[in-house]
Amino acid sequence: MAEKLMKYADATKKYDVVFGLETHVELCTKTKLFCPAEVSFGGEPNTQLTPVSLGLPGSLPVVNKTAVDYAIKLGLALHCEIAEWSQFARKNYFYPDMPRDYQISQYDKPTNGNGYLDVELEDGTVFRVPIERAHIEDDAGKNTHVGGADGRIEGADHSLVDYNRAGVPLIEIVTKPIEGAGDRAPEIAGAYMRAIRDIVRALGISHARMEQGNMRADVNVSLRPSADAPYGTRSETKNVNSFRGIEKTIQYEIRRQAARLDEGKEILQETRHWDEATQTTAGGRLKSDADDYRYFPDPDLVMLHITKEHIAEMEAQMPEMPRERRNRLKAEWGLTDLQLRDILNADALDLIEETVKAGATAGGARKWWLGELSREANAKGVSLEELPVTPADVAEVEKLIADGKLNDKLAKQTIAGVLAGEGTPDEVVKKHGYKIVEDSGAIEAAVDAAFEANPDVVEKLKSGNMKPMGVIIGAVMRATRGQADAKAVTKIVMGKIKG
Amino acid sequence: MTEATNELVKLSAAEMGAAIKKGDVSSRELVDAHLAVIEAAEPSIKAFLKVSGDVAREQADAFDAKSADEKAALPQLAGVPIAIKDMIVTKGIETTAASKILEGWVPPYDATVIEKLKAAGMPILGKTNLDEFAQGSSTEHSAYQTTHNPWDTDRVPGGSGGGSASAVAAFEAPLALGTDTGGSIRQPGALTGTVGVKPTYGGVSRFGAIAMASSLDQIGPVSRTVLDSALLQEIIGGNDRRDSTSIPEGPRPMVAAAREGAKRDLKGVKVGLIKELSGDGFQAGVSARFNEAVDKLKEMGAEVVEVSCPRLEYALGAYYIIMPSEVSSNLARYDGMRYGLRVMPPAGVPQTAANMMAYTREAGFGDEVKRRIILGTYALSAGYYDAWYGSAQKVRTLIIEDFKKAFEQVDVLVCPTSPTTAFKLGEKTSDPLAMYMNDIATIPANLAGVPAMSIPAGLSDDGLPVGFQFIAPQQRDEVMYKPAAALEAALEEDWNGPIWKDLKAPWLDGLAGSAK
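From first to last, the protein sequence lines stand for chains A and B. Mapping of the first sequence onto UniProt numbering: position 125 corresponds to residue 125, and the numbering continues sequentially without gaps. Mapping of the second sequence onto UniProt numbering: position 121 corresponds to residue 121, and the numbering continues sequentially without gaps.
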């Protein structure tokens, strides 16, 4: 049964929006949070295990120090207070993908508390998102439900459990209730999530690939009649794993809740699921006070002691943060706001910077990644990063152009060769024998032939109408298999007309 | 080697180790002798859930095949066989914690203490019985069998480590490992006339000890002499990076302290009688033997004073909140998903994972375990946490303070280990509270994390052993070994031999022939 929805503009006019995000970021440590089992994506099911990650009787957890360091770095990036003493607690609940039937998380003594993140919106507005905490916990395994209609547990014939992911370190970043966003709530949520992704990538603590589940968010939304009213009942949409999905979830929940409130219906405190196919959220389990995880400090682990000296050490290792870096590169590359946004939207900042580092000019690098290569990526439905071409390849092609060894057309053909897996630009050039024809005799012969074949064009050129010049140049290029330099051709044509 | 099996197995572990080093006996001969005793004794004792004879013989042969130099580099107990409480995981040997829920589970890894025993060349005779998941004080809560006290087979051996204690008392093994959460090594020690030690919390790695209550659990030695326990504790102790609660420092000089104690000079040693753990509630015969032993300490030069630990009154109450709370969480993993028992719901009940877990746990856990899981689940529940778990933790802090203050006045504290001698099988099974009272004198050491040991103090008027407990400051385990060894030596002189010379062990009668 389709839910009634209010128009978005009406809903945000009539109600004050409060939302919050609980973002799970999977850390890219070599080993799991509490044992030396390897962490890697896509391994054979149930191969990345130790007695600890399988929760075998007698096994004990030992904290991965690297994971704690990653958490400290994230805490610093989010302007959090880093607790000198933090503690792991057991969150008790039975579920097949939980080897111990409790998750080791942090409860009343998280490592990072009370921070904020300034996110920049499309129009340059900066919105401050308050952070409640960023705590460390371990992930559960993965259930695969077989035989059901849509992979959900309902109606499944049987389920398989893969414990490879069990014990992978996560940081859960919990915002405080975000107020004052109004109708920009979805946009702020999206910008916040992208900012988190950029930060964790810059810190090198997570691959942050949403499609692989490295990052996912629980989205809380509630409405109230006005900004000074108490919070309304919230819905919690679990495990949304795309930026668009998060934005759409907030939008949808605002519209759905507004419609219900308008009809005098109550909002149920429940967990919901975002359905990408129908672009709606669906009701799940009712949340109630009966949800009791019986948290208590994990007696198998001692308290984490993080000294001021260690925090200073981590601080010294902090790279430039994404927002600062963007502003710096914008200045260095002389970009307009719009140009920068195009780069960010294309997710090409890193690639362009790498290309520049490899020797290309900023303009040249930008031209390739936003032009030819973006088109190729779009056509294939992959990200720029996934294209089989590296920043070094692009820089090499740019150098060949700068050295006068390739023209634009040959350069494009060279890149096409790289994309087709023919090797490095150098190899492609050698393989096809691409080179600019510098022999003016050969070009002159081709121009003569073109003049002969197109007498009407020659007439127009001679009368000063330069528009059909391309016909001649095109013919010359065809004759020389694209290896002539367009400028040289134009020069010869002009000479012949005037002569 | 011409010594008869029934004489060979009565040697202390230290004597066996020395005999091996001298070449008088081989590890294989010791293993065979003990396996023979096990075969003869088990029908009446039932200490072992599993006898790993083949593994033990293989280990003994491997040890015997070592060169003299290799052997010389090993500890004094090298080659001496040992029994393991079935709460400790052993690679390739079924480990059940005496629960149906783990029936048939063969661990793919060794506990740290097992690795250490193997490295020391000590063959593993088998896995000993216990109360299910170490929850009980009589070993009657084992899902498999009831262990009998060698001193009177109509009586319990104590618990939860009744299997290890009985095996050592009955000469089925010279040594055993136990686990002690509230007295599970010491109280069976008291009831079977053996020595049982709970080391400082964190002194012996818990990695591979099946968790009952993680903040209280500790692996420790079971033996017939104080020196044997010291030798064993030095082997199994020390830091383990796989246990976050493990103490960084290595084992204390316990063997040296025990040897020093055997000289029976306790001048300069200050002994504190815990006022709250004597007199009322203690069986007359227990109090009598205890007081006589205290007099012995005085005779050897110790200064004995009474000290008060007023908060011990609340120890039992705090223990029965903290322990079940941790139990409820630690035992959650036995859900039928990955190992052990799986019981599918009957026809007509939805065949879901949740229902499978419920039916598995209903069928797999015994009453005492269920009782504690329910208690702990309740104590940790939202709205009750502060009143129960929170308060209990505060009591724990106060008890730690009490001990600290006491140890400012004295070197070592003493009290009877158990209020009574061994009780009849079935006597207390229907009264959990009466059963819990057994641990009143042993629980405080677990709550405070301090080391404690029980040694035999003689026989009560009923002819059954009485236990004498020493408690030492944290990370000072050697401090209790000295007076314990002194008292042992003094008492043995009085008795004209060790306490077990009075033990009738009919299962040994048929083993008078040569061990060879």
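Using N, Cα and C, we set each Cβ at its ideal position, and we do this for glycine too.
Bounds of the beta strand (DSSP E) holding Asn114(A) are Asn112 to Glu120.
Taking 9 Å as the cut-off, the Cβ atoms of Tyr163(A) and Asp97(A) count as close.
For Asp300(A), a Cβ of chain B is located within less than 9 Å of the residue's own Cβ. By the neighbour-count criterion, in which a residue is buried when 16 or more other Cβ atoms sit within 10 angstroms of its Cβ, Gly364(B) is buried.
Look at Val457(A) here: in three-state DSSP terms it is helix. Within chain A, not a single residue places a beta-carbon under 8 Å from that of Met212(B); the smallest gap is close to 11 Å. Along the stretch 84-98 of chain A, going in chain order, the ones with a CB nearer than 7 Å to a CB of chain B are Arg90, Asn92, Phe94 and Pro96. Secondary-structure assignment with DSSP links Tyr102(A) through a beta bridge to Asn92(A). Within the DSSP bridge table, the entry for Glu303(B) names Lys270(B) as partners. Per DSSP, Phe403(B) is one residue of the alpha helix (DSSP H) stretching across Ser391 to Gln409. Per DSSP, reduced to three states, the secondary structure at Glu132(B) is helical.
No Cβ-Cβ contact shorter than 9 Å links Thr50(A) with Lys65(A). Residues of the stretch 57-78 of chain A with a Cβ closer than 9 Å to any Cβ of chain B, in chain order: Pro57, Gly58, Ser59, Leu60, Pro61, Val62 and Val63. At least one beta carbon of chain B lies nearer than 9 Å to the beta carbon of Leu54(A). With contacts defined as CB atoms closer than 9 Å, Phe243(A) and Met318(A) fail to qualify as a contacting pair. For Thr31(A), the three-state secondary structure derived from DSSP is strand.
The beta carbons of Asn214(A) and Ser328(B) sit no closer together than 9 Å.
Segment contact: the stretch 453-465 of chain B against the stretch 141-156 of chain B, three or more CB-CB distances shorter than 8 Å; contact assigned.
The Cβ atoms of Ser86(A) and Ile306(A) sit closer than 9 Å to each other.
When the five nearest sequence neighbours on each side are left out, the beta carbons in the same chain lying within less than 8 Å of the beta carbon of Pro388(A) are those of Val418, Leu419 and Gly421, in order along the chain. The bridge partners DSSP lists for Met453(B) are Val197(B) and Phe470(B).
Annotation: the stretch 297-356 of chain B contains the following complete segments of the beta strand (DSSP E) (minimum length 3 residues), in chain order: 303-307. The stretch 284-292 of chain B and the stretch 429-440 of chain B do not touch, with fewer than three beta-carbon pairs separated by less than 8 Å. For Val89(B), the nearest CB of chain A lies under 9 Å from its own CB, placing it at the interface with that chain.
Annotation: Gly301(B) has no Cβ neighbours in chain A at a cutoff of 8 Å; minimum Cβ distance is about 40 Å. With respect to chain A, the C-beta atom of Phe365(B) has no partner C-beta closer than 9 Å. The CB of Gly208(B) comes closer than 7 Å to the CB of Gly58 in chain A, given here in chain order. With respect to the 9 Å criterion, Met87(B) and Thr179(B) are classified as neighbours on the basis of their beta carbons. Within its own chain, no residue has a Cβ closer than 6 Å to the Cβ of Met437(B) once the five positions on either side in sequence are excluded. The alpha carbon of Ile93(B) has as its nearest neighbour, out of Thr128(B), Ala120(B) and Gly121(B), the alpha carbon of Thr128(B).
Look at the stretch 233-247 of chain B: the residues with a C-beta under 7 Å from a C-beta of chain A are Arg241, Arg242, Asp243, Ser244 and Thr245.
Around the beta carbon of Gln351(B), a 10 Å sphere encloses fewer than 16 other beta carbons of the protein chains shown; the residue is thus reported as exposed.
9 Å or more divides the Cβ of Gln469(B) from the Cβ of Ala486(B).
The CB of Tyr109(B) comes closer than 9 Å to the CB of Thr50, Pro51, Leu56, Gly58 and Ser59 in chain A, given here in chain order. The beta-carbon distance between Val221(A) and Trp274(A), rounded to whole angstroms, is 12 Å. This is too long to meet the 8 Å contact definition. As summarised for the stretch 336-411 of chain A, the continuous alpha helix (DSSP H) elements at least 4 residues long and confined to that stretch are 337-345, 349-357, 362-370, 372-380 and 391-402, given in chain order.
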